[in-house]
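One line per chain: the protein sequences are U and R, in this order.
Read in the working numbering, the first sequence has 237 at position 223, and its numbers run on one by one without any break.
Read in the working numbering, the second sequence has 316 at position 276, and its numbers run on one by one without any break.
The beta carbon of each residue, even a glycine, is placed where N, CA and C say it ideally should be.
These notes concern the structure reproduced below.
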Amino acid sequence: MLLLKLIQNEWMKLFNRVSTYVMLGILLLGIVLTAVVIFFNQTESSDLPSEEDWKQELTISNESYKQTEEEAFNYFTESYAINQQAINNYRIENNISPHEETNVWTYMDTNILLIQLIGVFVIIVGSSIVAHEFNKGTIKLLLVRSASRNQILASKFITTLLFGILLLAITFVLSFIIGSILFGFDGSSVHLSAIDGEVTERSRILFLGLSYLASSVSVLMLTAMAFMISTIFRSETIAIALSVMLLFIGSTATGILALFTDWAKYSLFANTNLELYFTDGPLIEGMTLGFSVAVLIVYLILFLFFSFLFFKKRDVSI
Amino acid sequence: MSEPILSLRKVNKKIGKNHIIKDLSFDVYPGEVFGFLGPNGAGKTTTIRMIVGLTNITSGEIIVNGNSISKNYKKAIENIGAIVENPELYPYLTARKNLIHFGRMSNNVTKEDIQHRLELVNLDHVKDEKVARFSLGMKQRLGIAQAMLHNPKILILDEPTNGLDPAGIRQMRDYLRKVAKEEGIAILVSSHVLSEMELMCDRFAIIQKGELVQVEDVSSEEQADIANRHIFEVNDVEKAKDILLSEYPDIAIEIHDNLLQVDATKEQIGSFITYLTSKGIILYQVIREKQTLEERFLQATNGEVS
Ligand SMILES: Nc1ncnc2c1ncn2[C@@H]1O[C@H](COP(=O)(O)OP(=O)(O)O)[C@@H](O)[C@H]1O
Ligand SMILES: [Mg+2]
């Protein structure tokens with residue numbers, strides 16, 4: 015099938031470029047670095063506070079959440095405070111300490127931070143995979159063949175996604191391996207979350223998998239956006255700068271926006287954090303997982319629609 | 041001649057208010073090397089971009105092996121192998137990987153085909169080196185190899201001799217002539233340097249400011265019905281001139297450096313020779329002045345080059 019061969023081509027080009035190996039190297043370095051830092055700052059069982067101490071700590075924390083709940087001026091702050099109290103109470107009742115020894119799960123949890131880094135890399139690849147062909151002039155040789163422009167663009171988008179999945183898989187699997195060797199499984203507990211004051215227990219590995227995937231949603235969306243910008247403007251720089259900026263400040267900005275208007279719920283970043291639906295409940299009252307997924311799909315379709323439209327219509331005059 | 045493999049019919053291209061190509065029509069036939077000539081900015085690259093579908097045709101039609109490039113792109117483009125402007129290959133891939141890449145985009149291109157093409161363009165010994173290290177001539181040759189991978193019926197090369205040294209140009213010329221003859225494919229080469237095209241092309245079209253100035257055979261001056269300049273060396277130029285003018289009063293005739301210059305067709309020259317001899321003039325020699333492509337080009341474009 016032609017599309018598969020085109021993807022094979024894109025993959026070959028990607029892995030014959032130095033920049034790809036630089037990215038992989040930095041990611042590996044990141045994984046090693048967090049391991050080293052955590053290794054020298056481990057919480058041993060002897061460091062853990064006594065039952066009495068942590069229960070008292072939780073009671074104090076609950077008082078402050080209570081206050082937040084009463085003074086809260088928006089939905090999310092209030093529901094967050096309610097849920098945290100529920101979790102704390104659940105811990106006190108069921109004797110589940112919030113403190114644990116450093117173990118493979120705490121290490122993997124830290125490495126979710128690396129998804130931001132993966133985001134930057136995937137955005138760079140997504141921005142350059144089309145623009146680079148225009149800059150180098152190779153787009154002409156690519157287009158004057160029987161593959162349609164749609165197939166060529168599709169192969170490039172799919173390759174970018176595959177690259178993202180590869181980086182994610184490397185991070186997840188390597189973190190698990192390094193984590194289990196260095197920190198082991200001792201002292202691990204369940205994962206607790208609460209929605210509407212209702213507490214749920216989940217297995218750690220399951221929840222981590224969920225977190226990794228949920229954190230990747232914004233990467234996916236921003237990659238599609240970067241892909242669109244670079245296809246329309248044929249400029250890697252604009253696409254990378256804009257998308258990376260949004261990757262870092264997008265959700266914060268949306269969070270602030272959500273304080274003032276419910277319309278924020280239609281913005282991209284109000285919906286990228288799907289993890290909320292499993293942990294603390296929605297950002298804005300009335301939002302559901304289905305709603306967010308639908309909004310994300312609409313954004314994704316728009317980004318891809320404009321990419322394909324411009325790529326197909328444009329005259330190539332380089 | 042057989043059916044044309046490429047046919048342009050009243051092709052126009054407008055970009056904004058600029059009318060870049062005006063009613064351009066010409067045909068290219070299998071087995072010939074067709075020169076597409078014109079000064080810089082005449083619209084050669086724009087025309088080639090339209091032929092390969094990189095840019096839309098404003099009006100008119102381009103037919104490749106019976107398929108319209110705008111209506112039946114896939115069918116039409118399968119017949120074309122092309123390099124538009126510079127041979128831009130992937131600098132970070134080796135020569136072989138570049139060919140593997142483009143080979144994957146067509147059906148039935150095997151490892152052996154790739155090896156064969158590398159050998160044909162004399163790049164076998166550097167096939168595993170990165171293209172970034174190649175000279176322009178090597179890139180040009182690799183470009184031709186990639187364009188020929190899928191055995192197209194027409195090869196389109198935009199200024200392939202640009203930046204090549206005389207030896208490189210000669211090598212390219214020999215290779216293209218060989219390919220046209222042996223594989224029977226048509227080759228369209230554009231150029232603004234006419235002297236390089238003379239020995240390469242069978243026929244040529246000249247465009248200027250987007251308009252076709254003329255299409256002809258490189259050897260057209262040998263055709264019987266075209267008047268060419270002939271130089272007569274005789275024992276008495278004045279007498280010879282008078283004799284000719286008395287019998288043929290309409291002909292263009294001049295005396296230059298004690299030689300007679302006559303513009304006439306092959307047939308007319310024949311009768312002149314017989315007539316002069318019969319009148320007692322002694323003819324030492326008659327030479328047909330060969331006009332270079334460049335001179336004909338200047339004539340056709342009224343001396344305006346670029
Ligand atoms: N994208 C474009 N927009 C506007 N004008 C263009 C464009 N491309 C080419 N031209 C103009 O069209 C004319 C023909 O250019 P071109 O086809 O590159 O000529 P050639 O290849 O014969 O040197 C030039 O005058 C050029 O300025
Ligand atoms: Mg040109």
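Asked	Found
Nonlocal neighbours in the same chain, by C-beta distance under 6 Å from lysine 319 of chain R, ignoring five residues either side	Ile283
Terminal residues of the beta strand (DSSP E) in which phenylalanine 74 of chain R lies	73-77
Contacts that glutamate 128 of chain R makes with chain U (C-beta to C-beta distance below 8 Å)	Lys150, Gly151, Thr152, Lys154 and Leu155
Strand pairing of serine 230 of chain R, partner residues [DSSP]	R:Phe76 and R:Asp198
Under 8 Å by beta carbon: chain R residues contacting asparagine 23 of chain U	His141, Arg144 and Met145
Close-in-space but distant-in-sequence residues of the same chain around serine 232 of chain U (CB under 6 Å, 5 per side omitted)	Thr286
Threonine 34 of chain U in three-state terms, based on DSSP	helix
Contact residues within the region 104-135 of chain R, judged by C-beta distance below 9 Å to chain U	Tyr113, Lys114, Lys115, Ile117, Glu118, Ile120, Gly121, Ala122, Ile123, Val124, Glu125, Asn126, Pro127, Glu128, Leu129, Tyr130, Pro131, Tyr132, Leu133 and Thr134
Within chain U, the residues that threonine 95 of chain R reaches when beta carbons sit closer than 7 Å	Asp329, Val330 and Ser331
Secondary structure of arginine 328 of chain U, DSSP reduced to three states	coil
Proximal residues to alanine 86 of chain U (C-beta, below 7 Å), its chain only, five neighbours per side dropped	Glu92 and Ala95
Closer than 8 Å at the beta carbon, the chain R residues around serine 160 of chain U	Lys114, Ile117, Glu118, Met145 and Ser146
Buried/exposed call for aspartate 290 of chain R, threshold 16 Cβ in 10 Å	exposed
Closer than 8 Å: threonine 85 of chain R CB and nearest ligand 4 heavy atom	Within the structure as shown, ligand 4 is missing, the only ligands being ligand 1 and ligand 2.
CB of asparagine 52 of chain R within 9 Å of CB of isoleucine 61 of chain R, strictly	yes
The region 170-179 of chain R / the region 196-209 of chain R touching (three or more Cβ pairs under 8 Å)	yes
One or two residues paired with valine 274 of chain R in a DSSP bridge	R:Leu323
Minimum Cβ-Cβ distance from lysine 326 of chain U to chain R less than 9 Å	no
Which of helix, strand or coil DSSP assigns to alanine 4 of chain U	What is shown of chain U runs 15 to 332, which leaves residue 4 of chain U out entirely.
beta-carbon serine 331 of chain U near ligand 2 non-hydrogen atom, thresh 8 Å	no
Environment of tyrosine 35 of chain U [buried if 16+ CB atoms lie within 10 Å]	exposed
Short CB-CB distance (under 9 Å) between lysine 27 of chain U and chain R	yes
Cβ of arginine 181 of chain R within 9 Å of any chain U Cβ	no
Counted within 10 angstroms of its Cβ, other Cβ atoms place threonine 268 of chain U as buried (16 or more) or exposed	buried
Span of the alpha helix (DSSP H) around threonine 86 of chain R	84-91
DSSP beta-bridge partners of asparagine 107 of chain R	R:Val104
Top-ranked residue by Cα proximity to serine 78 of chain U, from U:Leu318, U:Asn102, U:Ser60 and U:Leu131	U:Asn102
Identity of the residue in R:Ser230, R:Thr95 and R:Ala292 nearest asparagine 126 of chain R by Cα	R:Ser230
Chain U contact for histidine 190 of chain R (CB, 9 Å cutoff)	yes
Contact list for glutamine 186 of chain R against chain U, beta-carbon separation under 8 Å	Leu155
Unbroken beta strand (DSSP E) run spanning valine 68 of chain R, endpoints	58-68
CA-to-CA distance, asparagine 191 of chain R to asparagine 147 of chain R, given in whole angstroms	11 Å
Sub-9 Å separation of aspartate 303 of chain R and arginine 269 of chain R beta-carbons	yes
Assigned exposure category for tryptophan 119 of chain U - 16 Cβ within 10 Å defines buried	buried
Span separating the alpha-carbon of glutamate 307 of chain R from that of isoleucine 293 of chain R	16 Å
Outcome for tyrosine 324 of chain R when other beta-carbon atoms lying within 10 angstroms are tallied against a minimum of 16	exposed
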